[in-house]
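Residue numbers (mature numbering (1 follows the signal peptide of the UniProt record, and there is no 0)): -21 to -1, 1 to 132. One structure below.
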């Protein structure tokens, strides 16, 4: 009966913290206080060895658009300077419109590229996060087993 009570106390504690979705069964008659100390110590050890971080990249489209807009405007200016005789004859408003049109076109392409890179980073982060969670769970389970618990998924 004592083991069942300790198991229920531990299960409640684990559900209260966002640790693992595992059932921990004390095999050596540990008290609820000991169970809490052991699970906390094992979770700290697992987090120290394999920290679980959930970062989600954002702003890829905006960054891509901004970078490409600057590049497009600069490229338009450089192209204009290559034909200095004609470029000097054009009024400033027309030059500005040309640079803005090139920047707009480049920004649209940059937003597409930035969005693509952002999605690629998200997929990579998700894969790394899954690996980290698996490693974290493995360390946590091993630690508890060494302390005299049975850990069920």
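All residues carry an ideal CB built from backbone N, CA and C; glycine is no exception. The model shown is predicted, which means the values in this text are computed figures rather than measured ones.
Query	Result
Below 8 Å, can you find three or more Cβ-Cβ pairs linking the region 9 to 28 to the region 40 to 54?	no
Residue 41 by DSSP, collapsed to three states: which one?	helix
What residue does the beta strand (DSSP E) around residue 2 start on, and which one ends it?	2 to 5
Nearest by alpha-carbon distance to residue 58: which of 74, 45, 94 and 115 is it?	74
What does the alpha-carbon distance come out to for the pair residue 7 and residue 114?	26 Å
Would DSSP call residue 70 helix, strand or coil?	coil
Would you report the Cα separation of residue 39 and residue 102, rounded to the nearest angstrom?	14 Å
Excluding the 5 residues flanking residue 84 on each side, which residues of the same chain have their C-beta closer than 7 Å to its C-beta?	51
Could you work out which residue in 69, 20, 12 and 70 is closest to residue 122 when comparing CA atoms only?	20
Is residue 35 helix, strand or coil when you go by DSSP?	coil
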